[in-house]
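Those protein sequence lines, which keep their order, are chains A and B. Read left to right, the first sequence gives residues 1 to 176 (this note's numbering). Read left to right, the second sequence gives residues 177 to 375 (this note's numbering). Note that beta-carbon positions come from the ideal geometry of N, C-alpha and C, so glycine has one too. The structure presented is a predicted model; accordingly, all values stated were derived computationally and were not measured.
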Amino acid sequence: MPVPSGSAPTEAAESLCRGWYEAYGAPVYNYFRFHVPLPDVAEDLTAETFLKVVRAADRFDPSRGTPKSWILTVARNVLGDWRRRAKLRQYVALGTMHDLIHDEPSPEERLLREEEVGRLLDAVATLAEADRELIGLRYGSGLDTAEVAQILGIREGSVRTRLWRVLGKLRGALTR
Amino acid sequence: MTERNDAEAELQELDRRLRGIAFAPRASLGPEILGRLRRGERPEGGAHSPRRRPLVAAIAAALVAATGAALTLRAPMPVRVDRCCYDLDGGGHADDGVVILAERDAMVHQLRIYEDLDRSGTFTERDVVRLDRGASPAMYRAATKGLVTIEHCCLDFDGGGPADDGLVVIGVPPDRVVMAAIYERRAGEGAGTAGFPLR
């Protein structure tokens with residue numbers, strides 16, 4: 001149920017948005033968190049993505065893929081737009097890991113966990129854009145290799161090969 | 177052979193560590209998106225397909241040129257931005273919002289901090305107003321101790337388009353707010369001792 005720009009949404013559109021957000025909100029948010037250092041920005045990009053997909057819902061074609069892969073394709077475009085705009089400004093990181101899910105019982109263990117994740121994401125940030133994209137889709141969104149292949153428009157075997165190669169680069173970045 | 181096995185084991189370990197990373201968006205993000213949808217808020221880039229981009233870009237460029245010409249001929253119109261939900265009063269719950277009436281990327285006319293009591297993700301008459309100020313940032317009901325500063329950066333708080341505004345709120349947790357203002361983080365501004373002017 002698409003929503004024309006500027007008009008109030010119908011109940012069906014709201015229901016669609018709620019359902020899609022409940023099902024795919026976390027994968028989309030995690031995809032952004034693998035690319036941007038600030039939770040606030042990831043939230044804004046997630047909101048932007050869902051506003052777009054609800055308004056463009058009539059373009060979703062189930063025969064060409066799952067809602068998840070379509071929504072993540074929109075998320076990739078939203079990220080691309082943000083990157084172009086982000087070149088024009090600076091960011092200050094504030095409490096960058098408060099959204100990390102953890103099961104460490106003590107503050108010290110949580111801190112160590114945050115540092116470990118911070119090191120990993122810093123290393124991811126040093127990769128080339130195409131490599132970061134692969135990592136974001138595979139580990140941020142939790143897509144399987146077939147879904148990643150569908151979004152990137154390449155063969156599943158290529159995804160596996162490239163993923164292995166990117167992990168090697170990441171290991172190199174972590175040991176530098 | 178052992179070296180290769182070691183390398184594979186390291187990559188598998190790295191794969192496991194990456195799989196273990198998970199973030200959770202704040203619980204109020206879903207209601208906020210629904211609230212923005214209800215208000216008819218448009219996504220920044222519009223809902224267009226990649227195939228239409230060249231045409232859309234040409235139309236947008238023409239519109240921007242026409243709008244720019246029109247704007248030079250009349251006074252700027254204030255826009256109303258409603259952002260929810262964050263923990264702005266230090267109460268520990270992301271249930272506060274901010275309503276800002278501002279000229280795009282410029283002067284703030286009104287800034288209101290509210291607690292989203294009805295969980296609508298937007299300001300309604302049922303919500304509690306924690307602070308309501310006019311054009312100039314000022315300290316209200318100043319406390320002598322226990323002041324806490326809460327800051328959120330960067331979002332679009334002034335309707336200018338880019339998410340380049342910070343919000344700073346000073347209060348006494350859990351529910352007193354004595355000052356709130358926004359500032360703009362443009363590249364190149366705020367260097368040295370000048371800082372970012374509060375609005």
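Query                                                                                                                                                                                                       : Result
Within the same chain, show all residues whose beta-carbon is closer than 7 angstroms to that of V124 (chain A), passing over the 5 residues directly before and after it, in chain order.                  : F34, R132, I135, L170
Using a Cβ-Cβ distance under 8 angstroms, would I209 (chain B) count as near chain A?                                                                                                                       : yes
Please list, in chain order, all residues of the same chain as R280 (chain B) whose beta carbon is under 7 angstroms from its beta carbon, the five residues on each side excluded.                         : P252, V255, D334, G335, G336
Please confirm whether D334 (chain B) has its beta-carbon closer than 8 angstroms to some beta-carbon of chain A.                                                                                           : no
Would you please state the rounded distance, in angstroms, between the beta carbons of G297 (chain B) and C330 (chain B)? I believe it to be under 8 angstroms.                                             : No, G297 (chain B) and C330 (chain B) are not in contact; Cβ-Cβ is about 20 angstroms, not under 8 angstroms.
Compare the C-beta of R212 (chain B) against all C-beta atoms of chain A and say whether one is closer than 8 angstroms.                                                                                    : yes
From G268 (chain B) to P349 (chain B), what does the alpha carbon distance come to, in whole angstroms?                                                                                                     : 9 angstroms
Considering only residues of the same chain and omitting the five flanking positions on each side of L210 (chain B), which have a CB-CB separation below 8 angstroms?                                       : G297
Can you list the residues of chain A that E186 (chain B) reaches, using a CB-CB cut of under 8 angstroms?                                                                                                   : R171
Over what stretch of residues does the beta strand (DSSP E) that includes D40 (chain A) continue unbroken?                                                                                                  : No beta strand (DSSP E) holds D40 (chain A); the alpha helix (DSSP H) holding it covers 39-55.
V36 (chain A) by DSSP, collapsed to three states: which one?                                                                                                                                                : coil
Would you list, in chain order, the members of the stretch 257-276 of chain B that have their beta-carbon closer than 9 angstroms to a beta-carbon of chain A?                                              : Y262
Taking Cβ positions, are I276 (chain B) and V345 (chain B) nearer each other than 8 angstroms?                                                                                                              : no
If you measure between the beta carbons of Y29 (chain A) and P201 (chain B), is that distance less than 8 angstroms?                                                                                        : yes
Rounded to a whole number of angstroms, what is the C-alpha to C-alpha distance between A223 (chain B) and D122 (chain A)?                                                                                  : Unreliable positioning characterises A223 (chain B) in this predicted model, as indicated by a pLDDT of 42, which lies under 50. A coordinate reading is not provided.
Taking the alpha carbon of V257 (chain B) as the point to measure from, which residue in B:D341, B:D191, B:M315 has its own alpha carbon closest?                                                           : B:D341
From what residue to what residue does the beta strand (DSSP E) around G347 (chain B) run?                                                                                                                  : 341-348
Is it the case that the Cβ atoms of D271 (chain B) and D351 (chain B) are separated by a distance below 8 angstroms?                                                                                        : no
Per DSSP, which residues does T298 (chain B) bridge with? Please list them.                                                                                                                                 : None; T298 (chain B) has no bridge partner.
The alpha helix (DSSP H) spanning T175 (chain A) covers which residue range?                                                                                                                                : 156-175
Among B:G347, B:P313, B:A282, B:L343, which has the Cα closest to the Cα of R306 (chain B)?                                                                                                                 : B:G347
Identify, in the order they occur along the chain, each residue of the same chain with its Cβ nearer than 7 angstroms to the Cβ of L293 (chain B), setting aside the five sequence neighbours on each side. : R302, D303, V304
From the DSSP output, in three-state form, read off L143 (chain A) for me.                                                                                                                                  : coil
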